[in-house]
Amino acid sequence: MSANSLPVRGVSPSGEGIPVWHSLEVNQALNLLNSNADSGLTPEEVQQRWQKYGDNELTENSGRGSWEILLDQFKNIMLLMLIAVALISGFLDFLAWQAGELKPGEVPFKDTIAIMAIVVLNGILGYVQETRAEKALAALKKMTSPLVRVLRSGKLMEIAAKELVPGDVMLLEAGMQIAADGRLIEESNLQVRESALTGEAGAVSKQANLILPEETSLGDRLNLVFQATEVVQGRAKILVTNTGMSTEIGKIATMLQSVENEPTPLQLRMTHLGNILVIGSLLLVSIVVVGGVIQARGFSNLRQLLEVSLSMAVAVVPEGLPAVITVTLALGTQRMVRHNALIRKLPAVETLGSVTTICSDKTGTLTQNKMVVQSVYTNNHVFRVTGEGYTPTGDFLLDGQTILVEDYPEISALLLASAICNDAVLQKEQGEWAILGDPTEGALVTLAGKAGIEQDQWNSKLPRISEFPFDSERKRMSVICQVEEVATGEASLTAVDPLITSLIESEPYLMFTKGSPELTLASCTQIYLDHKSAPFTDAQRQQILAANDQMASLGLRVLGLAYRPMLEMPEAGADEKYEVNLVWLGLVGMLDAPRPEVRAAVQESRNAGIRPIMITGDHQLTARAIAIDLGIAQEGDRVLTGQQLQQMTDQELEQQVDLVSIYARVSPEHKLRIVQALQRRGRIVAMTGDGVNDAPALKQADIGIAMGITGTDVSKEASDMVLLDDNFTTIVAATKEGRVVYTNIRRFIKYILGSNVGEVLTIASAPLLGLGGVPLTPLQILWMNLVTDGLPALALAVEPPEPDVMNRPPFSPRESIFARGLGSYIIRIGIVFAIITIILMLWSYNHCQMRLVEGLDPEGLDPERWKTMVFTSLCLAQMGHAIAIRSNNKLTIEMNPFSNIFVLGAVVVTTILQLMLIYVPPLRAFFGTHFLPPTELAICFGFSTLMFVWIELEKLFFRLIGKKSV
């Protein structure tokens, strides 16, 4: 029988059919792999299989090299235009240098050097961001066990994990990490923690003799073990079925490497912005050159037109914008850390503000990751239990009324069994109650503590002398306790609590049992009522089973508890003999309780137009109960299971994703498919996760969010953000911060580009107005774009949030950066900038020429200083723009000037720096500026103030017509 003739579950990276191992008997699996359970493989067989399958390790696909990433940075259209400008500027400087046209002391090629420096710095900035190490695969590799024990040629030997091949017989015991996927041959009380793979914290009990349906989900394949999971208890013999990239972990590695990093909304917007600016610049340059040639009726002024064109090209590119955006995102990450959100990738800050859907895991994120008993059923009564976490305080309610446990002996007996039949320990650490042991058992200890039944005290009264450990077939555990005896002068009397007296007559031993309600109930012949045991009736059994079904439908994990008085201490391993004729105590229903603060966070996200979705590996009933409790879903909403997803095509899933808010029993591929389906519907998806199984979906999501406390290294490395407190509310807080960041990015983009449009129009008008020379050199324009624009822009990046930031839907992630009036604002303000500056330019040019002709200027005062007046006015006008643009609708006088003190500081510092360029001789020489008399400087200040006045008048106008400004 060949592998290809068996049912196929999927296709491995090598393209071979993979048998459905969980649906095969042990002997079938051994025959299929030509292996022997007692002797394993021979060295020759191992060598042959190694040649076919290779090492048992994860392999990495080749990606972009460092040089390729670096070169990609210079494919940006704005940087390409700057490179062209630098080359042309260098050529013109070379011609001037050869012709001896440079002024004394003038540095040749300074414009070229400055422009290329900006190009290189922007390239390095992009390179550093892109080459953040992708360590997800490396973290996966760390999860393989270095040494394993196998049978080969009938001999037990220890080998390196990477030497395993399909067909090997591997031995497991408690504490070992499993090094390959395998089919159980035999096992003894084997429990495996599969949280790294399935995301569920509880250990899974494995059974070798099961044969499961083909469609069984990953978390329910109880006859298989998987690489990178951990043996918690017991031992087993395993037939290795898959190694390397064919294991379940290998499939996750394949998915991780197949997920491509899509550009974020901000990156798409910046690309769109660059394209528009460059195309607009080239069109304007063409108009100026053609107009200048026509005006001169020839090419006599071509060199001047080229200089004008170069200045326009530099002016249109916001050279400081990439640095300002990077710093803004970095500041956003610092603020998010204060909200317990660690941002790993800078663009994620802005992307958070665009999120429309949050796909959240259940355990630990929406819930406390603490099992809490919520319901107790005994004597035909359902008691509600209050309290949170492992704190042993709370009330017992019957029909909404608080009751005293002492008045209900059946509850007291059940709580005693909960405390005694238990291996967990409740302890207080640093002021908080915590559990050492299994969370389910911890919930029972806490339950008993709420009624004053302290575990330590009762352990001394009923010391444990033997036990029957939990077994996956029996699905229960039992402990045998000796009733304490005290010797007196006359006789040996049993000094016991009245509660114990009601459970026994004169038996010296007492056995408590807990486990599956159905199986435990089947072993009971009596029921505890009114301080004594009484025969069971069929009606009582039916009532108990109905109560069990009711609890399970609410998503509770239900346990049944019973006891039995015993005359003799039982023999070890004789559970079948003694776990009979039990006395039934009742049912306990527990739940990993929701975090109390999450309900408000879910509601806040809904108010903000963000849809929360639960994606979990847990049971659908549990998932539904939690989702309804938190407001994620409503009664009657559909739950999609992993099994149902398996049968759906991608197109069918895409039609359902907007209608389903709960996904249960899902596997890694399912999570990835859900995220992809949402993205195809145009949603911006944030996905949370902590296990290895979540890594592909985390990487695919627009925002991958890993758990900082419970998360694996793999999930963290695949994520964009790490929750330091594993709390859903932190996601909502981070989303708010993301919206603030995006609002501020739009604010300083319109601030910077409004100035740039004004610069371009001013430069373009000079030759058309017949003015001699270019008013602004490329170096001066770089100064404006990097310093006089850059510093105030950085200050605007920390503007406080608007009051309604979380009371509106997210703006469309596909919207243009110019959407919602921002484009019209930039053009309108740019034109106003240009008109004010052109008026000043015409006046100052004529003023300087007239004073030169009339000989009114003192010696040393350059008639070209009109260019410096234009340069200074543009820079100072931006200062008023920065102050006015802090709010779209409020007048500056209505705002607290100290709510963003950085803007005031930036305006003062930038103004001083600009004055230094005029009045400090070395700076004046380098930047090509000229000394301005005080009167002319005052005129520059006066014209610059008009920009501030215009924006304030605009606000008043929009307020009068009842329209919000952008």
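Mapping to my numbering: the sequence shown position 465 is 445, numbers consecutive.
For each residue, glycine too, the CB sits at the ideal point set by N, CA and C.
All values derive from a computational prediction rather than experimental measurement.
Spatial neighbours of residue i in its chain, beta-carbon cut-off 8 angstroms, leaving aside the 5 residues before and after
i, result
"R653", "L625, D630, L633"
"E849", "The residue asked about is misnamed: residue 849 is Met in this sequence, not Glu. Here the set comprises L820, M821, S824, L912, E916, I919, C920."
"V304", "F728, I732, G770, A773, L774, A777"
Distance, residue j Cα to residue i Cα
i, j, result
"L751", "T757", "15 angstroms"
"L13", "F450", "33 angstroms"
"E386", "S392", "7 angstroms"
"I729", "V754", "26 angstroms"
"L202", "E174", "11 angstroms"
"R591", "I881", "37 angstroms"
"I642", "P245", "27 angstroms"
"L741", "I892", "26 angstroms"
"I606", "H650", "21 angstroms"
"I93", "T692", "48 angstroms"
"A698", "S261", "40 angstroms"
"L917", "V307", "33 angstroms"
"S226", "N11", "20 angstroms"
"Y508", "M491", "14 angstroms"
"Q520", "A552", "33 angstroms"
"L204", "G162", "6 angstroms"
"A581", "P478", "48 angstroms"
"L776", "G684", "28 angstroms"
Sheet register partners of residue i (DSSP bridge)
i, result
"G569", "S355, V538"
"I642", "M594, V619"
"A414", "Q407"
"L377", "R364, T382"
"P574", "T347"
"S513", "Y508"
Close Cβ partners of residue i (< 7 angstroms) along its chain, the five nearest in sequence each way excluded
i, result
"N169", "Q213, G214, P449, D451"
"F907", "L759, Q760, W763, L897"
"G254", "N56, I57, M58"
"D769", "G300, I732, S735, Q858"
"D148", "G20, L21, V130, V220"
Sequence-distant residues of its chain with Cβ nearer than 6 angstroms to residue i (five each side left out)
i, result
"I931", "A864"
"A588", "M786"
"G734", "I806, I809, G810"
"E210", "Q157, R173"
"A428", "L395, S398, A399"
"E470", "Since pLDDT at E470 reaches only 38, below the 50 mark, its modelled position is unreliable, and the value read off the structure follows with that caveat. Cβ neighbours of E470 beyond the five flanking positions: none."
"F928", "G860, A864"
"E167", "K186, A188, A216"
Assigned exposure category for residue i - 16 Cβ within 10 Å defines buried
i, result
"T915", "exposed"
"I689", "exposed"
"L940", "exposed"
"W47", "exposed"
"G367", "buried"
"I595", "buried"
"Y899", "exposed"
"F71", "exposed"
"W564", "buried"
"V737", "buried"
"A526", "exposed"
"F279", "exposed"
"G80", "exposed"
"H910", "buried"
"N673", "buried"
"H252", "exposed"
Neighbour flag for residue i against chain D, beta carbons, 8 angstroms
i, result
"T481", "Among the protein chains of the structure shown there is no chain D, as only one such chain exists."
Stretch pair the stretch 418 to 433 + the stretch 351 to 366: three plus CB contacts closer than 8 angstroms: Result yes; three or more Cβ-Cβ pairs closer than 8 angstroms.
Inter-stretch contact (C-beta, 8 angstroms, three-pair minimum) for the stretch 860 to 873 and the stretch 827 to 847: Judged by pairs of C-beta atoms under 8 angstroms, the stretch 860 to 873 does not touch the stretch 827 to 847, as fewer than three such pairs exist.
At least three beta-carbon pairs within less than 8 angstroms, the stretch 568 to 576 to the stretch 534 to 546: The stretch 568 to 576 is in contact with the stretch 534 to 546.
Contact the stretch 393 to 403 vs the stretch 597 to 611: 3+ CB pairs below 8 angstroms: Judged by Cβ distances under 8 angstroms, the stretch 393 to 403 makes no contact with the stretch 597 to 611, as fewer than three pairs qualify.
Any 3 or more C-beta pairs closer than 8 angstroms across the stretch 495 to 514 and the stretch 453 to 462: Yes: at least three Cβ pairs fall under 8 angstroms.
Touching by the beta-carbon criterion (3+ pairs, under 8 angstroms), the stretch 322 to 332 and the stretch 714 to 724: Remark: three or more beta-carbon pairs, one from each stretch, lie closer than 8 angstroms, so the stretch 322 to 332 and the stretch 714 to 724 are flagged as touching.
Three-pair Cβ contact test at 8 angstroms for the stretch 133 to 147 versus the stretch 21 to 34: Yes, the stretch 133 to 147 touches the stretch 21 to 34.
Three CB pairs or more closer than 8 angstroms across the stretch 779 to 794 and the stretch 318 to 328: No contact exists between the stretch 779 to 794 and the stretch 318 to 328.
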